Each structure stands twice: as C-alpha cells, then as structure tokens.
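What follows is one structure encoded as structure tokens, with my remarks underneath.
Protein chains: 2
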Amino acid sequence: MNYKFADRMGNLKASAIREILKHTQDPSVIPFAAGNPAPEAFPTAEIARISNEILQKNPIAALQYSITEGYTPLRNTLKEQYQAKNIMKDGDDLIIVTGTQQGLDLTTRVLVNEGDTVICEMPSFVGALNAFKAGGANLVGVEMEDDGISIEKLEKALQENKNTKFLYLIPNFQNPSGITMSLEKRKAVYEMALKYGVMIFEDNPYGDLRFTGEHVPNIKTLDTEGIVIYAGSFSKTLSPGMRVAFIIANAAVTQKIVVVKQTNDVHTNIWSQMVCEQFMRENDWDAHIANLCEIYRKKAKLMLDGMDAHFNPIVTHTVPEGGLFIWGTLPEGVDMMKFCTEAVQEHKVAVVPGTAFMPNESDVTRSFRLNFSTPTDEQIVRGIELLGKMTYNLK
Amino acid sequence: MNYKFADRMGNLKASAIREILKHTQDPSVIPFAAGNPAPEAFPTAEIARISNEILQKNPIAALQYSITEGYTPLRNTLKEQYQAKNIMKDGDDLIIVTGTQQGLDLTTRVLVNEGDTVICEMPSFVGALNAFKAGGANLVGVEMEDDGISIEKLEKALQENKNTKFLYLIPNFQNPSGITMSLEKRKAVYEMALKYGVMIFEDNPYGDLRFTGEHVPNIKTLDTEGIVIYAGSFSKTLSPGMRVAFIIANAAVTQKIVVVKQTNDVHTNIWSQMVCEQFMRENDWDAHIANLCEIYRKKAKLMLDGMDAHFNPIVTHTVPEGGLFIWGTLPEGVDMMKFCTEAVQEHKVAVVPGTAFMPNESDVTRSFRLNFSTPTDEQIVRGIELLGKMTYNLK
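Rendered as structure tokens:
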C-alpha cells in the first residue's frame, strides 16, 4: 500500500544524532552520550522489598485498572511535599503522568494550535523539542548565558512571536548545558511571561540533584497568577524505567491534561505508582537524595578534573552545580560534528553533538554534551583522556 | 489567568456518562458498568514470583531507561506467537505500546489530519472514539447487525466520506455490543477497505477470551496488502494496570508510530514488559487462557440465565460468545437514560447508557451495556434481579 501519513509526520525527522547514538548500544563504547542514572543510584533492594510486599498484600490493586489522575496516596504525599516547598499553591492540583515526556506532550496538545510558538532555551532537551514539534509548534530558541536564558533576547522573541503559548525552561542544571538560572533571571522571566501573557513550563527533573552551591527557588514559587506548569519526576531519583512523573499547575490546566491523558494511556502503570508512594513513606527521602547527590558530585568532579587536566584549554566547558551533564564547546573553525563522529568511530567515546539540542536545524553550534552519570569511574577517566588527546588535534 | 487552550480541546467534552460512573466508586453499587478483569482472573502469585525474581536478579534492567520499540525478548516471543497465527506477516513489525489506548492515539496521530474521517462500528469502544476525537478526526458510525457491521451502510459511508483514513473495528466480542463479526463480513470489510484505499485498525483485546462457539480468523490474517493494523493487549489476559499492549502492522507504519511514541512517553514501563515476557516463557499460556475463558463462561452464563429468568422479554439482549460485555436494548418509547439513572440511583446497579458508545452526540440509542467480569457472582444474581424488576415497570 502507498501509505498516506498525516501532514504532522513531516515535522518529525529522524534525528541527526541517531547514527551516533546507535554506537552507544555497543558495550565497548564509553557512554558519555546517554542520560541514564548511575546503576549505583538505584535503591534496588528496597524497591524489590516494597514491590514484593505490594504484590503479596495488595496484588489486585497493583494490577487492575486505575484512575487517570494517578494513585491517590502518591498524589497526597507529593502534594504535601510540594506545598511545603511553596511549589504547589492554592488552586493548584497535582497529577501523575507517564514520565515528564508525557507531561510535555499532553501540555502541548492542551495549549498549542498548529503554528503557535513555543519559546525555549537554546540549546534545550531534545525530547521536549520533539514533543513540541510533534504537536505542531513553531519553535523559537533563545540563547543562554552563564546564568541562564538571555532576558533581552527573550523579550525580543516574545515581541516577534505574538502567538507564543508558553516558555519551556529547565532552570536547574539544564539539559544539555548544565547551566543553572540565577534567581534574578527567574524573577525577570516570570515578570516577562506575565507581561506578554504567556505561560511557563518549568521542567525540573534534576532539581533535587544539587551537589554544590546554594539552592535557588523555583520559578513556580514566584507564581501568584497560575501561569507556571511545574514538572517533577522520579526518573532521576528512583527509576526512569517506571515512567512516573508529576505535573503541578492550576487545576484548570491539570483538568485539561487529565482529559487528554485519558485518551492517551488511560492511566500510568499503577504498580510503579504504588512503589514510589511506599518508598517515600518508608524511607528517609532527604537522606536518599543526599546519597544520590554524593554519587553525582564524585562523578562530576572526576570528569571535570579530567577535563581540566587533559583538555586543550581552547575547548571550554560549563561547570554544573548539579544534574547529569557538562557542555563542552570547541573553538571557532572546528567541525564539531566531525569531532563527535571521530570520537565514537575512532576512539569509541560517544558524546552528543550539540545540534541535537537546537530548536531548529538551521541553528549552529560548536558544542557537545557530556554525561557523567552513565559511565563507570574507569570509563570517565579513560574517555576524558581520549577526548583530551583529540582536543590537541582539532581540525 | 484567562487560559487559552488549543482549539482541539473543544472536541473533548466531559463524558455524558461521567455522572453515572461516579457512582461506581461507591462500593455498595453493583458494578455492571465497569470493564475490569475479574479479580480471580489475575495470576497474582505467579506475577509476584516472577517480579521478585526480576528485581532480585536483574534490577537495573527493570528500572533503567529502555528502548521505544519495546523489550526485545517480549517482542520476539509475541512475534513468534503471531506469526504462527498468520497475524504477523512478512514485512510486518511488532512494537510494544502503553496499552491499546496509546496504540489508538498514536495511530490517529500518524494517519489522521484534522477533519479526516475515521469510520467505526456504532456502537463502539468509548476510549477509541475519544482518541479519534482528540486527534481531530471526523467520526462516522456505521450500524451493526447480529453478525457485525452493516456492509451496505459501510460502503455508503465510504462513498460519502472520501477523506476516510481508516476503519476501526473490534471483530471479536465487540465492546460494547458483544457481537462477533462473521467470516463473510470480515472478508467483505477487507475487500471494501482495499477498494476504497483505506486502512483497518483491528482491535482485538478480547479475542482470546472465547468461551463458546468456533474461532473466526482475524481480518489481519486476510491481509495481503499491508492495510491492517492489529492491536493485541495483556490488559484482559494478564493485567490492565501494567499498561502493556502491542501493535502489529507493516513496518512502514510501526516505524512512524515509534517516532511519535518516543515524543509521547519514550518507552513503556520496562518492568511490566519483563514480567509479561517471563510469564509467557515459564507458563502454559494456552492453559492460562483456557482458565480465563472458563471464569468468564461461568460469569456470562450466570448473567444471561438471570436475564432470561427475570427480564421482561420486551427488553432484548445480545448473547456474546466471549469477551466481557452484554448489550441490552429497551423497547421503543422508553427513556434509556432515565432507566440507567434510576438503576444506579434507586437500585444501586450501575450500567453504562449506550449513548456513551455513540460516535456522535446526536446518535440515538435505546441500549445499555452490562459487564459480567467485574461483579461477584452474588452481585450478578442480585443486580439482574433488580434490573429485571425495573424492566416490568418501564416508562
């Protein structure tokens, strides 16, 4: 048959980085390209214990159909935690989604008409960019500075794109740049969103994983007008394979998301939701998070120290205060894609070319993303040495 | 804030049956309105054993990120099973989805432009209808006869709707009608789809649950041209809470579905996929299915016998050969919605008004859906007696 696909499928092209990521399946390749939590960050014994208890004591509830909004005890636990953080406000609701990815997709479907604009940081998380494109959004990227998105360029983008529906921001340890937005910029971004009548999607998957520096209040804590949609996730704190995340927003917005979620997957895997709830109830969550931060602090330090020791100083990089990623930038005149391709093909070190994180194919970058959570310590040391040698032979 | 939602949200209205379904949360209400597998149909001990083994032996694989297409060993097991059934053909691929609901949603997004037509049986599964509406489809319902969709009316609908992208059909023990499509009609429908150049989405969640009569080959077995998208699910055979289902279609189609799935939820809960795979590998699947069929055969018989004994014969009903549902029809002149409302409010018996399953709000029906898998045997006997009394006092 000559298949006639929907026009929107034209928005979704095979990713330019797919070829490079293919190599990451090869176990002999050093995996700086992934974004997986470290194996030692999974509390596997405790999850196994809880899961077994649920399936022994309450199996039907864990295996039967459930409600779209999410498992009520988990929602209540999270509501309490996020009310205490001033992220969940009066008039807000909290719903469970099948990973933040689903939250991004559903939010786009709820807010964006074909051709409406979504403004994002440039670079930004490729999964979010693809969800926006799949939803027919016009993507506009705004350049980042050391302390977050450029406020001047953001205002220009808002002036030039009157059909903007929301800003997509990852204020903490951004993916891919590792940059944290300053409090001043968070305030400025919020005020600008209010001024131009657009919403903000604040994606905070890494927020808990701060291993140095001072906590910066989330944009959602500033939100008196109900314009911020906040996304949190268990993917980096407990398990990404479970696909459990949550959205906090004004109830008028979450109600719409629930309506679309029902048509999308009815509800999120209920066993996983029960495991998350019981884990939070029976464990010291703050101590668990502190343990993760210590794991990632060490790994980040190992990679950053290696880069300082082995990289040609003409290659610059960010110094993240948390999260999973470092953003390296090659000097002018160097072919970044060639560098990344050689790294994986000749030296078996996989990094992600920065183009993957650009809102539009025409956006140019000389940067690449390094991940320190997935590789072992030995892989970090060896991989950085190999990349370091490459930086002294740049073409 | 004065929220501006996307235009497509106007397609999704709060369900007319929501009020009635609210009562089903009340444990004192007899649940003929649900579609849940019977509690005794869950192999809970075996799932607990397998899950525990996975989380002891291979926890990181069960909790880490995975690939969008699905868990390879599960896909391979299913491919083998469905090749043997002649449902999976040369050129086809099989991918895992987060419940058939996601398969319906993703297929709509892959195939349907705003305003394109999807033709479905009338009545049909409300979750599918909502997924099509959410995707901007124009829904056209075609009346059913005792042996499935009316072929004459289907051809008329195809002639009148040149922009039809696919037919949505549940040939086995249809939800909500319980009707099974005859082999002759399956052949006729397939030929007609070929003639008019449209695809078929064959939804088969109940196909394994035949408790009487002879197996009828699936439409997909007739498919020489790659126009049938087949959906199977573990929701009725193992656990709906796991949200694991699968799509079999020409690889050109599954590739597109995978691209959209990646933007939607990255991948399906991997622990659940591993449990499904190991359950199929270590258990006699056919014996497991035979056990389920026996459970539902008894429950269906209990309900049908009760209806024959207690219902006023002016109320007719289907006699399903499998699945979970019976479709009752009130005589002309009776207010069906009033009947359903009184049933739940005055007699605490919840059934679903047939309007819930109509493609368009203007479609009229005097029918209602009864489910025999969710209630206990005692609830079936008592509930049918109560409804039976009502059928002698119809207004």
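If you're matching them up, the sequences are chains A and B in order.
Residue 98 in UniProt numbering sits at position 98 of the first sequence, with consecutive numbering throughout.
Residue 136 in UniProt numbering sits at position 136 of the second sequence, with consecutive numbering throughout.
Using N, Cα and C, we set each Cβ at its ideal position, and we do this for glycine too.
These numbers come from a predicted model, not from an experiment.
message = Residues of chain B with CB closer than 8 angstroms to the CB of A/Ala48, please, in chain order.
response = Asn52, Leu55, Gln56 and Pro59
task = State the DSSP-derived secondary structure class of A/Asn264, mapped to helix, strand or coil.
result = helix
ask   = Tell me which same chain residues have a C-beta within less than 6 angstroms of the C-beta of A/Ser272, skipping the five on either side of it?
value = Met242 and Val244
ask   = Going straight from the alpha carbon of B/Val118 to that of B/Gly135, what length do you get?
value = 10 angstroms
Where A/Asp7 sits in the DSSP three-state scheme = helix
task = Starting from the C-beta of A/Gly306, find all residues in its chain whose C-beta is less than 8 angstroms away, skip the five residues before and the five after it, and write them out in chain order.
result = Ile380, Val381, Ile384, Glu385 and Gly388
With 16 other Cβ atoms within 10 Å as the buried cut-off, status of B/Thr215 = Per the sequence shown, the amino acid found at residue 215 of chain B is His instead of Thr. Per the 10 Å Cβ criterion, exposed.
inquiry  = Taking beta-carbon pairs under 9 angstroms, can you tell me which members of the region 245-268 of chain B lie near chain A?
reply    = Asn250, Ala252, Val253, Lys256, Val259, Val260, Gln262, Thr263, Asn264, Asp265, Val266, His267 and Thr268
key: Any beta strand (DSSP E) of 3 or more consecutive residues that is wholly inside the region 146-175 of chain A   = 164-169
ask   = With distances taken from CA atoms, which of B/Gly141, B/Ala287, B/Asn218 and B/Asp146 is nearest B/Leu167?
value = B/Gly141
inquiry  = Our contact map puts B/Ser235 next to B/Ile47 with C-beta atoms below 8 angstroms; I'd like the distance itself, whole angstroms only.
reply    = Contact flag wrong, Cβ pair sits at about 14 angstroms.
ask   = Does B/Glu225 come within less than 8 angstroms of chain A when only Cβ atoms are used?
value = yes
inquiry  = Between A/Ile270 and chain B, is the shortest Cβ-Cβ distance under 8 angstroms, so that the two count as touching?
reply    = yes
query = Between B/Phe279 and chain A, is there a C-beta pair that is closer than 8 angstroms?
reply = no
ask   = How many Å lie between A/Ile179 and B/Ala343 at the Cα?
value = 60 angstroms
query = Under 8 angstroms Cβ-Cβ, which residues of chain B neighbour A/Thr44?
reply = Leu55, Pro59, Ile60 and Leu63
inquiry  = Counting only C-beta atoms, is A/Asp7 closer than 8 angstroms to chain B at any point?
reply    = yes
Where B/Ala131 meets chain C, residues with beta-carbon distance less than 8 angstroms = No chain C is part of this structure, whose protein chains are labelled A and B.
ask   = Whole-angstrom Cβ separation of B/Gly35 and B/Asn393, contact assumed at under 8 angstroms?
value = Wrong, their Cβ atoms sit about 28 angstroms apart, outside the cutoff.
query = Using a Cβ-Cβ cut-off of 6 angstroms (strictly less than) and excluding sequence neighbours within five positions of A/Asn175, which residues of its own chain qualify?
reply = Phe125 and Phe325
request  = Using a Cβ-Cβ cut-off of less than 7 angstroms, list which residues of the region 108-119 of chain B approach chain A; keep chain order.
outcome  = Arg109, Val110, Leu111, Val112 and Asn113
message = Here's the rule: buried if 16 or more other CB atoms are within 10 angstroms of the residue's CB, otherwise exposed. What is B/Glu121?
response = buried
Residues near B/Asn163 in its chain [Cβ-Cβ closer than 6 angstroms; skip 5 each side] = Asp116 and Thr117
task = Would you mind sorting B/Asp93 into buried or exposed? The rule is 16 or more other CB atoms within 10 Å of its CB.
result = buried
task = Could you check the C-alpha separation between B/Ile200 and B/Tyr82 for me, to the nearest Å?
result = 18 angstroms
message = For B/Leu12 and B/Lys195, I'd like the C-alpha separation in whole angstroms.
response = 32 angstroms
ask   = Whole-angstrom Cβ separation of A/Leu111 and B/Ala287, contact assumed at under 8 angstroms?
value = Rounded, the Cβ-Cβ distance is 49 angstroms, inconsistent with contact.
For A/Glu80, the first and last residue of its enclosing alpha helix (DSSP H) = Thr72 to Ala84
ask   = What does B/Asp105 touch in chain A if you count any residue whose Cβ is under 8 angstroms from its own?
value = Thr263, Asn264 and Asp265
request  = Give every residue of the same chain whose Cβ lies closer than 8 angstroms to the Cβ of A/Ser182, excluding the five residues on either side of it in the sequence, and list them in chain order.
outcome  = Asp147, Gly148 and Val216
ask   = What residues from chain A crowd round B/Leu167, counting only those whose CB sits closer than 7 angstroms?
value = Ordered by position in chain A, no residue passes the 7 angstroms Cβ test against B/Leu167, which lies about 14 angstroms from the chain.
key: Where A/Val253 falls: helix, strand or coil (DSSP)   = helix
task = Pull out every residue of the region 63-82 of chain B whose Cβ sits closer than 7 angstroms to any Cβ of chain A, in chain order.
result = Leu63, Gln64, Tyr65 and Ser66
inquiry  = Can you give me the C-alpha to C-alpha distance between B/Ile295 and B/Gly213, rounded to a whole angstrom?
reply    = 16 angstroms
request  = Determine the closest residue to A/Tyr3 out of B/Glu202, B/Ala231 and B/Ala252, with distance taken between C-alpha atoms.
outcome  = B/Ala252
ask   = For the region 228-247 of chain A, which residues have a beta carbon sitting closer than 7 angstroms to at least one beta carbon of chain B?
value = Ser239, Pro240, Gly241, Met242 and Arg243
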